[in-house]
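Student: Before anything else, here's the structure in question.
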Amino acid sequence: MTSGTERRAHARHICNTGVLADGADDRHASGPSQGTVPQGDTYPLIRFHQPARRNLPHGVHDTSACASHRPLRPSRAPFVLTGTALIALALSDPARAQSTAATVTRNAAQATHTYDIPAQSLVSALLGFGKQSGLAVTAPGELLRGKTTAGLHGQFTSSDALARLLQGSGLSYQPVGEKAFQIIPAPGAASITLGPVRVGGTVAATPASDPQAPYGPGEGFFVARSTAGTKTDTPIVKTPQSIYVINRQQMDDLQPLTIDEALRYAPGISDPVDGGGTPWANTHDIYQRGFQSDTFVDGLMTGVDPSIAEPFMMDRIEALSGPASVMYGSAAPGGIINVGLKRPTEKAQHQVNIGFGSYGRYQGQFDSSGPMTKQGNLLYRIVAMGDTQDDQVRYNKYKRLIVQPAITWKIDSKTELTLIGQYNYTPMMNQSSAAPALGSIFPKQYVRYSPSLNAGDPGFDTSRDTSYMFEYIFSHKFNKHLQFSQNFRYEHDDWYFTDLFSDGLVNGTSEMERYAMAYANHGYSVLLDTHLQGDFSTGPVKHTVLVGVDYRLQRAWGKWMFDFSAPSLNLLAPVYYQYNMKNLMAASGGKWGSEDDYLNQNGIYFQEQLQWKGLNVMLAGREDWDNWYNKFQRAFTWHAGASYQFGFGLAPYFSYATSFNPQSGNIYGAGQAAPLVGKQWEVGLKYQPPGSKMLFTAAAYDLREDNVLVNDPYHQNFSLQIGQVRVRGVDLSANVNIAEGLNLSATYSYMYPENSRSNLTSKNLAGNLVSTQGKSPTELPRNTVSLLVDYKFPRGILQGLSFNAGMRYVGFTQGDMANSFHVPGYTVFDGGADYDFGKLSSTLKGVNFRVSLVNAFNKEYVVECTSGTSCGWGQLRRVFGTIGYRW
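What follows is the structure, given as structure tokens:
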């Protein structure tokens, strides 16, 4: 036991230096362990003082105690922190505090540190801030009682970090001494202002306050966090799974017409877009790691034909590669595409754009967002656009109008509700069907037709779509340990199209045989996802536990009509307006076929994320019950992964995940076919240098889908579940903000897909049946490379000007299932520029001009073939510009 003299000396040492005396016996000292403080170690100090009381808990100092060097006495004050006592650096000389304010601003306030502070009480968060910054914080206890903070993650200056922790609390801060801050009521902050300087990192917040929030638009080409892989706010570098994000900056540079186009600069994704690339019936033809992707919006699957097609309505597009069923239910094993819609922002921002471009394109865009009340608890956003254009394919036309309003209501500091609606009206979106390979892949041996050829008939071809949806996103934090989240969406879609399709060339001629089809579809879906998240620690191990349930109901009614005697088309001298709807009705006798699709899925899932020092472990499991086409199926999927992040930013990881997808088909003697089952091993490296906005990734994977149906050779009209498709590959990516105004995205992917087990056969170009065993599926390139660079001149006569340049290489693909011919690879170049006229003259502030260029050198290439009778030309050169005003 220390004597009174020793305690007084100890108190004087703390007051004078802010350092615990060497070997001091302070059982509650803040440091790596409780008990004796190691000699020479200095720990951050934080004090909460109560002006009306002099008796404070053991180890908690007040200013008067330091001034008189009195021994500390126990207190019965109601404000008591357990576990760690709060030690104060107290300076009783106000003049000294004022004289050192400039030093604080230059040094302590602008020093950068890496923070990892979870959402919790403000008291605990300030303790964490003190430990991680090495600075002292003083505060009257009554100011902090009952207040919470959203937390802080990443690298910030000290002043910026403290300001963000205090955001929404009604509090501010001011410097006290060389290495201390004092918490004060917000109105008192006007006397001393420390301008926060952003260095990097993210805050556990919504995109309303931070671009690096898990749903936010990101900064430059860099995105730090995502919920796609875990449904929790998790840094991408710590997630043991491949996640690639196309953020708002990349979409602004590329000005893509569709989600497919936006994902061209992401690894592991195949994008066989034909012709001009205009949306067709809102569908997406995206393949991840060899399998067609499912599209999700704000974490919920699009239950009917996707109603979300315009990238202008989005803040980000996330590609989660590999099996994702454990979080999302039935899905293809290659991964999912998750779209994040634009949400309201706390800061007012508005823009209006008028666009024009190739093929008679005209477009108007509007985006307005900000607070609706002075308190900032009610936010709004309205996004709208209209578009009309022709296409590189003759007679194709496209018109669309979309309106997307959103409101965020911050009910209180712990509860938030966001409502988003969308109406999508597309009265015209014709798209030509594909034509034979013989005239595109083999122009020397056969006739070569033009990339502008319309293989249909403008007197018959038509397509229109009307869709709308409503969703809400609700969250509530009960306390620092428990929070509740729920997403809901209802969507409705009506779609109709008529088209003529290629049926191959008549031997030795340029005549293409065709058949006609009309199709109408009406459907809706109801989707709900609810989960509880718990955050707690057991000793040095941090836990994030997720338990949830989701529900999906999908109904669709379709009808169709065929005519296999439609007139042929001469590819070299096409004659149009020779077929119409009356011809189809006459040929089919006016009879429609019909279908009634029904899917009811219920799932329950759990997930545990453990963090100990640099080690991150994830374990998850899910049970699903599906009623698909009135056939009941059940499946269990799971995912396990681990990563270790070293102090210099490198994080090696591995993971194993499974997936399932219902399928129809009958097995002789066993009844309904079991679901498709996918499984994947993945190992990789992620590297995010501390304090930077750079992310490098490398992943190698072995992905297999089992239970693929093949023909039963012994029982007609039955199948066997012995088929397997296997894909092995490597994905490399870099998304970096290299320097001020300079951003870069680079990717490389290698993929080897094959039918590893199959007894199916397919016809080759010579008309012979061959086995598909060991063959590769179509539309999947072995190698892809992309590079996108964006540079903004920071100063000089070119200030306000930015430009971007991109290159895409897509390797050869198989032309048919028999692998009897290849579709050649191709390389195309994209580019663009932007100019802010406000840098030229203050009277033009907010005015900007942007231009984008696709396939700059107008290269003609075939983008894909699915058989010898069906191939599609790639996009020719397309130029698009906008004049906009932002305020």
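For the sequence shown, numbering that gives the first Met the number 0 gives the first residue as 0, with consecutive numbering after it.
Cβ atoms here follow ideal geometry from the backbone N, Cα and C, with glycine treated the same way.
If we count the other Cβ atoms within 10 Å of its Cβ and call it buried at 16 or more, is residue 193 buried or exposed?
Tutor: At residue 193, the pLDDT of 34 sits below 50, so the modelled position is not reliable; the number obtained from the coordinates is stated separately. Buried, because 16 or more other Cβ atoms sit within 10 Å of the Cβ of residue 193.
Student: Roughly how many angstroms lie between the CA atoms of residue 361 and residue 220, to the nearest whole one?
Tutor: Each residue's alpha carbon lies about 28 Å from the other.
Student: Just the C-alpha distance for residue 670 and residue 520, rounded to the nearest angstrom, thanks.
Tutor: When rounded, the distance between both Cα atoms is 29 Å.
Student: Could you tell me which residues DSSP pairs with residue 554 in its beta bridges?
Tutor: Bridge partners of residue 554: 523 and 597.
Student: Among 608, 522 and 511, which residue has its Cα nearest to the Cα of residue 594?
Tutor: Nearest of 608, 522 and 511 to residue 594, Cα basis: 522.
Student: Taking C-alpha atoms, which residue in 161, 715 and 465 lies nearest to residue 401?
Tutor: Cα-wise, what sits closest to residue 401 is 465.
Student: Considering residue 247, what are the terminal residues of the alpha helix (DSSP H) in which it resides?
Tutor: Run containing residue 247: 247 to 253, per the alpha helix (DSSP H) assignment.
Student: Can you tell me the Cα-Cα spacing of residue 634 and residue 581, whole angstroms?
Tutor: Straight-line Cα distance between these residues: approximately 47 Å.
Student: Between 787, 786 and 801, which has its C-alpha nearest residue 793's C-alpha?
Tutor: Residue 793 has its Cα closest to that of 801, out of 787, 786 and 801.
Student: If you drop the 5 nearest sequence neighbours on each side, which residues of the same chain put their C-beta closer than 6 Å to that of residue 246?
Tutor: Excluding residues within five positions, the ones whose Cβ falls inside 6 Å are 216, 217, 222 and 315.
Student: Could you tell me if residue 89 is buried or exposed, where buried requires 16 or more neighbouring beta carbons within 10 angstroms of its beta carbon?
Tutor: At residue 89 the pLDDT is 31, less than 50, meaning the model places this residue with poor confidence; the figure from the coordinates comes in the next sentence. With 16 or more Cβ atoms within 10 Å of its Cβ, residue 89 is classed as buried.
Student: State the Cα-Cα distance for the pair residue 790 and residue 819, rounded to the nearest angstrom.
Tutor: C-alpha separation (whole angstroms): 44 Å.
Student: Should residue 647 be labelled buried (16 or more other beta-carbon atoms within 10 Å of its own) or exposed?
Tutor: Label assigned to residue 647: exposed.
Student: Please classify residue 124: does DSSP put it in a helix, a strand, or coil?
Tutor: Of the three classes helix, strand and coil, the one that applies to residue 124 here is helix, per DSSP.
Student: Buried or exposed, going by whether 16 or more other CB atoms sit within 10 Å of the CB of residue 144?
Tutor: Result: exposed.
Student: Could you give the distance in angstroms between the alpha-carbon of residue 368 and the alpha-carbon of residue 419?
Tutor: Near 13 Å, if we compare the C-alpha coordinates of residue 419 and residue 368.
Student: Return the Cβ separation of residue 483 and residue 531 in integer angstroms, given the expectation that the two are a contact with Cβ distance under 8 Å.
Tutor: About 6 Å separates the two Cβ atoms, so the contact holds.
Student: Output the distance between the C-alpha atoms of residue 655 and residue 321, rounded to the nearest integer angstrom.
Tutor: The alpha-carbon atoms of residue 655 and residue 321 are separated by roughly 9 Å.
Student: Between residue 660 and residue 651, which are expected to be in contact by the criterion C-beta below 8 Å, what is the C-beta distance as a whole number of angstroms?
Tutor: With 8 Å as the limit, residue 660 and residue 651 do not qualify as a contact, their Cβ atoms being about 30 Å apart.
Student: Just to confirm the assignment, what range does the alpha helix (DSSP H) spanning residue 574 have?
Tutor: It is not in any alpha helix (DSSP H) - residue 574 carries neither H nor E in the DSSP assignment.
Student: Provide the residue span of the beta strand (DSSP E) that contains residue 750, from first to last.
Tutor: Element bounds for residue 750: 741 to 756.
Student: Which one or two residues does DSSP pair with residue 699 in a beta bridge?
Tutor: Residue 699 pairs with 682 and 729.
Student: Does residue 645 come out as helix, strand or coil in the three-state DSSP assignment?
Tutor: DSSP places residue 645 in coil when its eight states are reduced to three.
Student: With respect to the alpha helix (DSSP H) encompassing residue 582, which residues constitute its N-terminal and C-terminal limits?
Tutor: Unbroken alpha helix (DSSP H) run through residue 582: 580 to 587.
Student: What residues in its chain sit with their C-beta under 7 Å from that of residue 583, if we drop five residues either side in the sequence?
Tutor: Once the five neighbours on either side are set aside, the close Cβ partners of residue 583 are 515, 517, 560 and 562.
Student: For residue 476 versus residue 413, is the C-beta spacing smaller than 8 Å?
Tutor: For residue 476 and residue 413, yes; Cβs fall inside 8 Å.
Student: Return helix, strand or coil for residue 131, following the three-state DSSP convention.
Tutor: Correct three-state label for residue 131: helix.
Student: Whose CA, out of 284, 347, 286 and 135, lies closest to the CA of residue 372?
Tutor: Selected option, being the one with the closest Cα: 347.
Student: Within the chosen definition, does the region 824 to 841 reach the region 749 to 761 through at least 3 CB pairs nearer than 8 Å?
Tutor: At 8 Å Cβ cutoff, the stretches do not touch.
Student: Label residue 889 either buried or exposed according to how many other C-beta atoms from any shown protein chain fall within 10 Å of its C-beta, with 16 as the threshold for buried.
Tutor: In this structure the chain extends from 0 to 886, so residue 889 is not present and cannot be described.
Student: Using a threshold of 8 Å, state whether the C-beta atoms of residue 509 and residue 569 are closer than that.
Tutor: It is a contact, given that the beta carbons lie within the stated cut-off.
Student: Applying the 10 Å Cβ sphere with the 16-neighbour rule, what's the burial state of residue 604?
Tutor: Burial call: buried.
Student: Quick one: using the 10 Å Cβ neighbour count with 16 as the cut-off for buried, is residue 714 buried or exposed?
Tutor: With fewer than 16 Cβ atoms within 10 Å of its Cβ, residue 714 is classed as exposed.
Student: For residue 546, which option in 490, 496, 608 and 171 has the closest C-alpha, if you only look at C-alpha atoms?
Tutor: Measuring from the Cα of residue 546, the nearest candidate turns out to be 608.
Student: Apply the 10 Å Cβ neighbour rule to residue 798 and answer buried if 16 or more other Cβ atoms are within range, or exposed otherwise.
Tutor: By the neighbour-count rule (16 or more Cβ atoms within 10 Å), residue 798 is not buried but exposed.
Student: Do the region 487 to 502 and the region 452 to 459 touch if we need at least three Cβ pairs shorter than 8 Å?
Tutor: Enough Cβ pairs lie closer than 8 Å, so yes.
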